[in-house]
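Counting along the sequence shown from 1, when you hit position 136 you're at 136 in the UniProt record's numbering, and nothing is skipped either side.
Remarks on the structure that follows.
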Amino acid sequence: MTDSLASSISTAALRPPPRVSAKRKDSYVRIQNLRQEDKGYASDTLQTAGSALVISLGQDTLKQVDKLRYLGSTITSRGDLDAEFNSRIGAASATFGKLEQRLFRSHDISRSTKIDVYMATVLPNLLYSAESWCMYRRHIRRLDRFYIKCLRSILNIKWSDRIRNTEVLKRAKVNSIEST
Numbered sequence: 001m002t003d004s005l006a007s008s009i010s011t012a013a014l015r016p017p018p019r020v021s022a023k024r025k026d027s028y029v030r031i032q033n034l035r036q037e038d039k040g041y042a043s044d045t046l047q048t049a050g051s052a053l054v055i056s057l058g059q060d061t062l063k064q065v066d067k068l069r070y071l072g073s074t075i076t077s078r079g080d081l082d083a084e085f086n087s088r089i090g091a092a093s094a095t096f097g098k099l100e101q102r103l104f105r106s107h108d109i110s111r112s113t114k115i116d117v118y119m120a121t122v123l124p125n126l127l128y129s130a131e132s133w134c135m136y137r138r139h140i141r142r143l144d145r146f147y148i149k150c151l152r153s154i155l156n157i158k159w160s161d162r163i164r165n166t167e168v169l170k171r172a173k174v175n176s177i178e179s180t
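Okay, structure coming up:
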């Protein structure tokens with residue numbers, strides 16, 4: 001039994017690894033000058049047209065995609081965060097929606113319990129992998145908008161009540177999304 005195991009290990013070690021190759025197909029870069037004298041500015045844009053990276057592993061060729069899901073995060077070919085934000089807000093919104101009727105709108109459950117459940121369930125869905133994001137101000141505003149919208153719903157504050165976001169945070173006894 002030991003001899004057959006040793007022979008199978010040695011034949012696997014002697015087998016050459018599969019050939020991996022990567023090359024660009026039909027790649028060219030075009031510089032396009034956009035001049036708009038009537039608006040008073042000129043800009044140069046760099047466009048890559050038809051650049052597809054072909055990766056082969058032995059006889060198999062890997063398919064190139066614009067967006068993929070990896071370890072719970074959305075990765076795009078452009079490297080921007082918009083698809084990830086849509087995904088995170090969608091997941092947090094789905095979690096909030098599942099809890100809204102039975103928990104957040106219930107009059108039998110205390111406000112502090114509702115906030116605690118929100119902070120323990122919805123917020124982690126919203127901020128999953130946020131420590132690795134390179135956010136712009138618009139991303140923070142989107143997160144803050146969703147965060148405040150959920151808190152207003154939990155506290156039963158309508159937009160017609162004209163209560164500022166800082167007051168909503170005080171009533172909920174929580175910090176802003178930036179300090180979370």
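All residues carry an ideal CB built from backbone N, CA and C; glycine is no exception.
Computed from a predicted model, the values in this text were never measured in an experiment.
Quiz item: How would you label residue 134, buried or exposed, when you count the other beta carbons within 10 angstroms and need 16 or more for buried?
Solution: Looking up residue 134 in the sequence shown gives position 134. Flag for residue 134 reads exposed.
Exercise. Inspect the beta-carbon positions of residue 76 and residue 63 and report whether they are closer than 7 Å.
Key: The residue you call residue 76 lines up with position 76 of the sequence shown. The residue you call residue 63 lines up with position 63 of the sequence shown. Going by C-beta atoms, residue 76 is not nearer than 7 Å to residue 63.
Quiz prompt | Where residue 71 falls, given that 16 or more other Cβ within 10 Å makes a residue buried | solution = The sequence position of residue 71 within the sequence shown is 71, counting from 1. Burial call: exposed.
Practice problem: State whether the stretch 103-121 contacts the stretch 53-61, with contact taken as three or more CB pairs (one from each stretch) at a distance under 8 Å. | Solution: no
Self-check item: Residue range of the unbroken beta strand (DSSP E) whose run includes residue 60
Solution: By 1-based counting over the sequence shown, the position of residue 60 is 60. Note, residue 60: beta strand (DSSP E), 60-62.
Exercise. Work out the CA separation of residue 122 and residue 83 for me, nearest whole Å.
Key: The residue labelled residue 83 in the question sits at position 83 within the sequence shown. The residue labelled residue 122 in the question sits at position 122 within the sequence shown. Roughly 19 Å separates the two Cα atoms.
Quiz prompt | Rounded separation between residue 81 and residue 106 - CA only | solution = Along the sequence shown, read from residue 1 onward, the residue named residue 81 stands at position 81. Along the sequence shown, read from residue 1 onward, the residue named residue 106 stands at position 106. Straight across, the Cα-Cα distance linking residue 81 with residue 106 is about 35 Å.
Self-check item: Boundaries (first-last residue) of the alpha helix (DSSP H) holding residue 158
Solution: Locating residue 158 in the sequence shown gives position 158, counting from the first residue. No alpha helix (DSSP H) contains residue 158, which DSSP labels as neither H nor E.
Practice problem: Kindly indicate which residue of 166, 177 and 155 has the alpha-carbon position closest to the one of residue 112. | Solution: The residue given as residue 112 occupies position 112 in the sequence shown. Ranking 166, 177 and 155 by Cα distance to residue 112 puts 155 first.
Exercise. Only counting runs of 4 or more residues, tell me where the alpha helix (DSSP H) segments fall wholly within the stretch 78-124, in order along the chain.
Key: Within the stretch 78-124, the complete alpha helix (DSSP H) segments of 4 residues or longer fall at 82-99 and 111-117, listed in chain order.
Quiz item: So, using beta-carbon positions, are residue 144 and residue 109 closer together than 7 Å?
Solution: In the sequence shown, counting from the first residue as 1, residue 144 sits at position 144. In the sequence shown, counting from the first residue as 1, residue 109 sits at position 109. In this structure, residue 109 does not lie closer than 7 Å to residue 144 by Cβ.
Practice problem: Take residue 168 and list the residues in its own chain whose beta-carbon comes closer than 7 Å to its own, dropping the five residues that flank it on each side. | Solution: As a working note, residue 168 is residue 168 in the sequence shown. Sequence-distant partners of residue 168 (beyond 5 residues in either direction) whose C-beta falls short of 7 Å from its own C-beta, in its chain, are 148, 151, 152, 155 and 157.
Practice problem: Tell me where the beta strand (DSSP E) around residue 67 begins and ends. | Solution: What you label residue 67 is simply residue 67 of the sequence shown in a count that begins at 1. Run containing residue 67: 67-70, per the beta strand (DSSP E) assignment.
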